[in-house]
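Have a look at the structure below before the remarks.
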Amino acid sequence: MPKYLHPAQLNVLKRFSQANDILRNTSRASNPAWYQDALELDLQLHIRTDGANISCYLFERPENKWTAGPDLTHDQLQEPAKIQEFAKAVLEHARSLGATGLGVVLTIGDEFAITDLKLEFNDPAALPEIRERAVIDPPSVLEDASRDAAENSWRVLPYPGNPNGKIGTSIALSHHYQLFLDTLRVYGEAENFPIVTCALSAPLVALLGIIGTVTRNPDRPFVAILQYPWLTVLAFFNQQADLILLRTMQHRGLLRPANFRQAVATACTALEIVDPDLFIFPLGKQVDTNLVTDLGTTFPTSHLEVVRPRDTHGLPAWAIELIIATQPASEEHLPGITFDTFRREGWVFQNFLPPIGDAVGLFPTKSEIKLLRGLLIGRLALVGLVLLAFGWLTFSFSRKIFQPDIFFLKTSESADLLKRIAKLNIERKQTQQLENLLEDRSKAWTSMELLARLLPENCGVKVTSFNLSVRPQNTPGQPKVGFIKEWQIKGLTDSKGLDLLNHLNNNESIATHFAEIAELTGNTAFDPKVPTRTLVVSVKSRGVETSKSPKIEGTNQPPAYPYSFEFVITQRFESADPLAINVLKAP
């Protein structure tokens, strides 16, 4: 597959060309798997990592069937060359099963970080907006501004049961596995085979399976303890089975967190939870099996239970996240609103490692592909219509070939036609003559605009008279005659105005002003670039008598305008000029 550039780097024409190339050379117009989520595809590869183990299983959705997947090591999750080999193997296997796409779901259980939202976020109705902002601008919603937003992916989780106005929290996973998922996705694009990726948080998915696997006292709050080899997540629920709080504790190389019992007891006290039911979910091969005994000393009156899933579908009992993620939602009414909300709105199935950077928006969306396909069909239909019309015209013309009398006119018809042509020629010449006479050669307002541009306000010049005269040139026997336009400006000036007049007293300066007027007014008569026109300028100035020059009222100061001037601009149009006047009489 050719290497495509991001549309932001291309102009509109190249974007359209590249989009058409994608339409022709890929299956994006015919294979809907390109636009589905990983959990919606018929063939899914589920990879679960909890720090101590990596598990890999294939799920065939139509048959609800699980089978063991390929072996996968930590090196194959990190090294590009080994990721490529793994991608090649799983793609070949998917094609051998007749799949049109492969969903790769990475369930991450070896990391789980929690950061509080800003205190200003206390309105549950704002959760959708906060959810979106956490993805595109994490610092705007996080209370701890020191957290590195560039190194982590943040997602929001609501607290439906928190009584203290705390509407939720934020969960973070690092980009540790971003390279693995990006490489799989790019390999699928190169092979024109959809590999759709998704990274889920194992503890979040496990939350959804609590109600379906425990038998609880509806009058008591409860705590779900999610045990992973490297960390433990505590989920606190009220009597209505609504989530109040999440806490995570790292093991730091031990089987359980340090001071675990005290931490659970302290959290219960802070939340005013008394004698809660404690449900322990062992979610890994190597987890501490003595929690029930130890917690019993701190919670002697609480119900403690190690929870095992009722149906594992052939998977290990500690891999319940895979089952939860792939099973359809139950129609059974669940207590509270937490679990219904989490599944219906997809809070626990948020993708922590979507495509980033240039991978976002590289290919056309589903609607854009449909539009391009419609345009292609429209172009083909138009070409078909053109060919059909051309064929019809060819057929009609060929029929006329065999009727030669159509190309000949009778004598009377020929004479009438010649008369009509002669009459039309006369009308054409009369029209041309009239158009020539009405050419835009001189308008008063354009001359006033010229004066205003040459001698602007407060320039030190007082104009006393302004005349424009136009006279034809004497060119006997010529079909066209040129003409001469002359602008004569008289008035008074001071030293400042005299400098301006001296500056204007050259053909180049006047030509510049004429070009400006031509562009401003659209009057081509001022265009100095036409080779059949010449400009000549003349400025004469002299001192004036004191009695004739206005003085400043009430003073004996010198006159305000001590000089008089005569400013003459002559523009000559030759007989070959486009604006020359036709002198021959029209027929």
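With numbering that gives the first Met the number 0 as the guide, the letters of the sequence shown map in order to residues 0 to 586. Ideal Cβ positions, reconstructed from N, Cα and C, are used throughout, including at glycine.
| Query | Result |
| --- | --- |
| Helix or strand or just coil, what does DSSP make of Ala51? | coil |
| Keeping to the same chain, check which residues put their C-beta closer than 7 Å to that of Ser139; ignore five residues upstream and five downstream. | Arg132 |
| Whole angstroms are fine: how far does the CA of Gln285 sit from the CA of Thr114? | 27 Å |
| What is the rounded straight-line gap between the Cα of Pro69 and the Cα of His175? | 21 Å |
| Which class does Gln239 belong to by DSSP, given the choice of helix, strand or coil? | coil |
| Return the first residue and the last residue of the alpha helix (DSSP H) that Gln477 is part of. | Run containing Gln477: none; DSSP gives neither H nor E here. |
| State whether the segment 311–324 contacts the segment 50–65, with contact taken as three or more CB pairs (one from each stretch) at a distance under 8 Å. | yes |
| Counting C-beta neighbours from all protein chains within 10 Å, is the total for Glu456 16 or more, i.e. buried, or is it exposed? | exposed |
| Do you know how far the Cα of Gly542 is from the Cα of Asn506? | 25 Å |
| Determine the DSSP secondary structure at Ile336, reduced to helix, strand or coil. | coil |
| Which same chain residues, not among the five before or five after Val155, have their C-beta less than 6 Å away from its C-beta? | Ile129, Arg130, Ala133, Gly167, Ser169 |
| In this structure, what does DSSP give as the bridge partners for Ala599? | Past the boundaries of the shown model lies residue 599; the chain is included only from 0 to 586, so the question cannot be answered. |
| Is it right to say Pro530 is buried, meaning 16 or more other beta carbons lie within 10 angstroms of its own, or is it exposed? | exposed |
| Take Glu271 as the anchor and find which of Lys428, Arg419, Asn163 has the nearest alpha-carbon. | Asn163 |
| Flag this pair as touching only if the segment 75–92 and the segment 29–36 have three or more C-beta atom pairs under 8 Å; answer yes or no. | no |
| Please tell me whether Asp276 and Gly160 are closer than 7 Å, where the distance is taken between their beta carbons. | no |
| Hey, Gln570 and Lys484: beta-carbon distance below 7 Å or not? | yes |
| Would Leu178 and Leu225 qualify as a contact pair, given that the criterion is a beta-carbon distance under 7 Å? | no |
| What residue range does the alpha helix (DSSP H) around Gly295 cover? | 290–297 |
| What I want to know is whether the C-beta of Ser468 ends up closer than 6 Å to one or more non-hydrogen atoms of the ligand NAP. | The ligand NAP is not among the ligands present in this structure, which contains no ligands whatsoever. |
| Would you mind reading off the limits of the beta strand (DSSP E) that contains Ser152? | 151–157 |
| Just verifying my parser: in three-state terms, what is the DSSP assignment at Tyr562? | strand |
| For Pro475 versus Phe482, is the C-beta distance shorter than 7 Å? | no |
| Can you look up Ser45 in the DSSP assignment and give me helix, strand or coil? | In the sequence as presented, Ser is not what sits at residue 45; that position holds His. Of the three classes helix, strand and coil, the one that applies to His45 here is strand, per DSSP. |
| Work out the CA separation of Thr296 and Asn216 for me, nearest whole Å. | 21 Å |
| Considering only C-alpha positions, which residue in the set Pro308, Thr292, Arg309 is nearest to Ser301? | Thr292 |
| Does the pairing of the segment 80–98 with the segment 341–354 give three or more beta-carbon distances under 8 Å? | no |
| On the DSSP letters alone, give me the boundaries of the beta strand (DSSP E) that Ser200 sits inside. | 194–200 |
| Could you name the residues of the same chain whose beta carbon sits closer than 6 Å to that of Glu367, not counting the 5 residues immediately before and after it, in chain order? | none |
| Determine the extent of the beta strand (DSSP E) in which Val305 is found, giving its start and end residues. | 303–305 |
| Alpha carbon to alpha carbon, how far is Thr72 from Leu44? | 15 Å |
| Between Phe235, Phe298, Ala171, Leu503, which has its C-alpha nearest Gln261's C-alpha? | Phe298 |
| Relative to the alpha-carbon of Phe111, which residue among Ser200, Gln83, Asp136 has its alpha-carbon at the smallest distance? | Ser200 |
| In whole angstroms, what separates the C-alpha of Ser38 from that of Leu384? | The sequence given here places Leu at residue 38; Ser does not occur at that position. Cα-Cα distance, rounded: 45 Å. |
| What residue ranges within the segment 242–286 form continuous beta strand (DSSP E) runs of no fewer than 3 residues, ordered along the chain? | 242–249, 276–281 |
| Under three-state DSSP, which class holds Thr300? | coil |
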